[in-house]
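Listed in order, the protein sequences are those of chains A and B. According to this note's numbering, the first sequence holds residues 786 to 1109 in order. According to this note's numbering, the second sequence holds residues 16 to 349 in order. Using N, Cα and C, we set each Cβ at its ideal position, and we do this for glycine too.
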Amino acid sequence: MTAELTRDEGLRLLHEMLRIRRFEERCVELYSAAKIRGFLHLYIGEEAIAAGVCGSLTADDTVVATYREHGHALARGMSARSIMAEMFGKVDGCSRGRGGSMHLFDASIGFCGGNAIVGGGLPLAVGVGLARKLQRSEAIAVCFFGEGAVAEGEFHESMNLASLWGLPVLFCCENNLYAMGTALARSEADTDLAVKAAGYEMPAWAVDGMDVLAVHDAARRAVAVVREGVPVFLELRTFRFRAHSMYDPELYRAKAEVEQWKVRDPLDTFPALLRERGLLDDGDLDRLEDDVRAEIDDAVAFADAAPFEDVEDLTRFVYSEVAR
Amino acid sequence: MTALADAPTTVRCTYRDAVREAIREAMQRDPRVFLMGEDVGMYGGCFAVSRGLLDEFGPERIRDTPLSESAFVGAGIGAAVAGMRPIVEIMTVNFSLLALDQIMNNAATLLHMSGGQFAVPVVIRMTTGAGRQLAAQHSHSLEGWYAHIPGITVLAPATLEDARGMLWTALEDPDPVLVFENGALYNMEGELATDAGPVDIATARVRRGGTDVSLITYGGMLPRTLEAAEALAAEGVSAEVVDLRVLRPLDDATIIGSVVKTHRAVVVDEGWRSGSLSAEVSARITEQAFWDLDAPVARVCSAEVPMPYAKHLEEAALPQVPSILAAAREVLGG
Chain A
786 MTAELTRDEG LRLLHEMLRI RRFEERCVEL YSAAKIRGFL HLYIGEEAIA AGVCGSLTAD
846 DTVVATYREH GHALARGMSA RSIMAEMFGK VDGCSRGRGG SMHLFDASIG FCGGNAIVGG
906 GLPLAVGVGL ARKLQRSEAI AVCFFGEGAV AEGEFHESMN LASLWGLPVL FCCENNLYAM
966 GTALARSEAD TDLAVKAAGY EMPAWAVDGM DVLAVHDAAR RAVAVVREGV PVFLELRTFR
1026 FRAHSMYDPE LYRAKAEVEQ WKVRDPLDTF PALLRERGLL DDGDLDRLED DVRAEIDDAV
1086 AFADAAPFED VEDLTRFVYS EVAR
Chain B
16 MTALADAPTT VRCTYRDAVR EAIREAMQRD PRVFLMGEDV GMYGGCFAVS RGLLDEFGPE
76 RIRDTPLSES AFVGAGIGAA VAGMRPIVEI MTVNFSLLAL DQIMNNAATL LHMSGGQFAV
136 PVVIRMTTGA GRQLAAQHSH SLEGWYAHIP GITVLAPATL EDARGMLWTA LEDPDPVLVF
196 ENGALYNMEG ELATDAGPVD IATARVRRGG TDVSLITYGG MLPRTLEAAE ALAAEGVSAE
256 VVDLRVLRPL DDATIIGSVV KTHRAVVVDE GWRSGSLSAE VSARITEQAF WDLDAPVARV
316 CSAEVPMPYA KHLEEAALPQ VPSILAAARE VLGG
């Protein structure tokens, strides 16, 4: 498949990953500047997954993500402005400042959170899949979750239900090897996660999550299967280069391990591959960087200028605003 | 004319029949509605509520689930977000704790957390309450816990009319509604109007008018509270009985309106006393009608023990007519 890569496609995937990387780097600065508060979980190192998977979906599909979801939101098409404004706690944020970094929502692009209960989004995705099946729709549900969720009962219940009922759900397990500070081998009796899907009679593949082309290819194949009403489990093997959150002193892993993974940084390896194939030159990269910088500068300016929700509106949206 | 005049205007049925009719009507009226839960199909429902519906509507819409409360409740929430109108049945309130994450962290929060974008029009029904010697993992009354949660509406139908009429209104609500059916009520029999239909899910109701004391209750405690009111009448005491019906949001106007009239209140709640719905009702009366009270608000609640199996112990743990009468006499000045 990789042999068929076009220049447009290559640049699109690179652009997407670069947006996420630079966006996250800016978030770190803004966190230090106290513009962003609360928990902030960075996606740095894992960009190939969001870019590869979200690029394989159609507008009608629904995405349910986790609290480390800036990358999924950007790759799904949420504007950097609305995400940044959300993290600034502004009314023009995607969730009107009620969600923050962990709860990005955008109904217009089928982005259903931003779920910060590990495993809590999986039943939701199963429900969206059930609705699509009952509605005789072609649309599917895609659920992102970390390998930590595999230890949750909701993971097993959801996998079973989706398979039992033949629901169009793509389960994307982002295995970054650490559930906060707990290494996979310290929490799973069997660390081969794709094998777990076999217990639910579900097709499953392990994919190199540092290789955006491998992810994109696997996602396209998986999505095609899911649209036929067969759920699929993808284990996407990746690594987060940064701490779990801004509060994490990273006492649980060796610096050497992080450095070892950084050798496989998709933001280094993918541009190198594109150059090797003659699909990218210095001018392209500069232009992409400029575009991304301009987009993020604009997003920060927008977020800075945006107003806060009126305190009088605090209790809006606890219930729907309809006549009862 | 005679044919019309002779046509029955009521039908004799049970609370169980009324709930089943409500589900059937909802299924017929709206193709987005489906019922999902443990043993709702082939078995006919643990309490026989859904018996016959599988044959009528088929397995796609009367959907048996595995014993995966969190997944199927969460799936109901997801399906609601995606345009369906699911009725999710949980066998008992004790089992609902396995799905509490989905109810609390998703159903109740999604709309607000998304800045108004994702409403969750799901209805979750479950059995609650004791009285059937089912011991400490099938008998509790935890609806008061759920009434603590902003974002959901909590209903406790205690009459045939409400069992028949609350469901459709709940399904039309854009937000999550939890319906607590007290297991002791399923066999309650009575006359139900043949044209019984949707009822409001916003107000409390005075079930018996009175002037001397307000007995405020809901759900499985309503029949025995009415019985207590009858006994008080024989003693010359005019007791008003308020059926809360809706546990969240509470209808303060009806509660306070009654207390302002009678100047005395007894709250009868099958839940435990500490940190409870009865505490909430009592606090609101104190906040809003303190100067109208002629006596402190009294409460009759379940004993603070896990519900025991033995019949005499279970009866001793629950509010009974004599304990309601004793509380009423106390606030009336002994």
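{"Item": "Chain-ordered neighbours of residue 75 (chain B) on chain A, where CB pairs are closer than 8 Å", "Value": "919"}
{"Item": "Reduced DSSP category for residue 863 (chain A) - H, G, I as helix; E, B as strand; rest coil", "Value": "coil"}
{"Item": "Members of the segment 179-195 of chain B that neighbour chain A once the beta carbon cut-off is set at 8 Å", "Value": "188, 189, 190"}
{"Item": "Residues bridged to residue 968 (chain A) [DSSP beta-bridge criterion]", "Value": "A:963"}
{"Item": "Residue 1064 (chain A) - containing alpha helix (DSSP H), residue span", "Value": "Element bounds for residue 1064 (chain A): n/a, residue is neither H nor E."}
{"Item": "Coil, strand or helix - residue 25 (chain B) by DSSP", "Value": "strand"}
{"Item": "8 Å Cβ cutoff, residue 1104 (chain A) in contact with chain B", "Value": "yes"}
{"Item": "Option nearest residue 32 (chain B) by Cα separation, candidates B:303, B:179, B:212", "Value": "B:179"}
{"Item": "Residues bridged to residue 287 (chain B) [DSSP beta-bridge criterion]", "Value": "B:317"}
{"Item": "Given residue 934 (chain A) as reference, the closest of A:897, A:808, A:976, A:920 once Cα atoms are compared", "Value": "A:976"}
{"Item": "Chain A within 8 Å of residue 121 (chain B), Cβ atoms only", "Value": "yes"}
{"Item": "Residue 132 (chain B) classed as buried or exposed, judged by whether at least 16 other C-beta atoms fall within 10 angstroms", "Value": "buried"}
{"Item": "Amino acids of chain B, ordered along the chain, whose beta-carbon sits closer than 9 Å to that of residue 890 (chain A)", "Value": "125, 128, 129, 130, 132, 133"}
{"Item": "Within chain A, partners of residue 48 (chain B) - CB distance below 9 Å", "Value": "None at all; the shortest Cβ gap to chain A is about 10 Å."}
{"Item": "Nearest residue (CA-CA) to residue 965 (chain A), options A:917, A:1025, A:889", "Value": "A:1025"}
{"Item": "C-beta contact flag for residue 116 (chain B) and residue 805 (chain A) at 8 Å", "Value": "no"}
{"Item": "Distance between residue 1100 (chain A) and residue 840 (chain A) (C-alpha atoms, nearest Å)", "Value": "37 Å"}
{"Item": "Alpha carbon of residue 151 (chain B) to alpha carbon of residue 54 (chain B), nearest angstrom", "Value": "22 Å"}
{"Item": "Other residues of its chain near residue 926 (chain A): CB distance less than 6 Å, five sequence neighbours each side excluded", "Value": "847, 910, 913, 914, 954"}
{"Item": "Chain-ordered neighbours of residue 983 (chain A) on chain B, where CB pairs are closer than 9 Å", "Value": "What residue 983 (chain A) touches in chain B: nothing, since even the nearest Cβ is about 18 Å away."}
{"Item": "Under 8 Å between C-beta atoms of residue 237 (chain B) and residue 343 (chain B)", "Value": "no"}
{"Item": "DSSP state of residue 141 (chain B) mapped onto helix, strand, coil", "Value": "strand"}
{"Item": "Run of the alpha helix (DSSP H) containing residue 804 (chain A), from where it starts to where it stops", "Value": "792-817"}
{"Item": "Minimum Cβ-Cβ distance from residue 913 (chain A) to chain B less than 8 Å", "Value": "yes"}
{"Item": "Residues from the segment 893-906 of chain A in contact with chain B, defined by Cβ distance under 8 Å", "Value": "897, 898, 899, 900, 902, 905"}
{"Item": "Nearest-angstrom beta carbon gap, residue 1029 (chain A) and residue 826 (chain A) [assumed within contact, 8 Å]", "Value": "7 Å"}
{"Item": "Touch test, the segment 225-240 of chain B against the segment 168-188 of chain B, Cβ-Cβ under 8 Å, three pairs minimum", "Value": "yes"}
{"Item": "Own chain residues within Cβ distance below 7 Å of residue 134 (chain B), not counting five before or after", "Value": "126, 189, 190"}
{"Item": "Pair within 8 Å by beta-carbon distance, residue 216 (chain B) and residue 261 (chain B)", "Value": "yes"}
{"Item": "Beta-carbon proximity check, residue 982 (chain A) vs residue 1018 (chain A), cutoff 8 Å", "Value": "yes"}
{"Item": "Whole-number beta carbon distance between residue 201 (chain B) and residue 62 (chain B), since they are thought to touch under 8 Å", "Value": "5 Å"}
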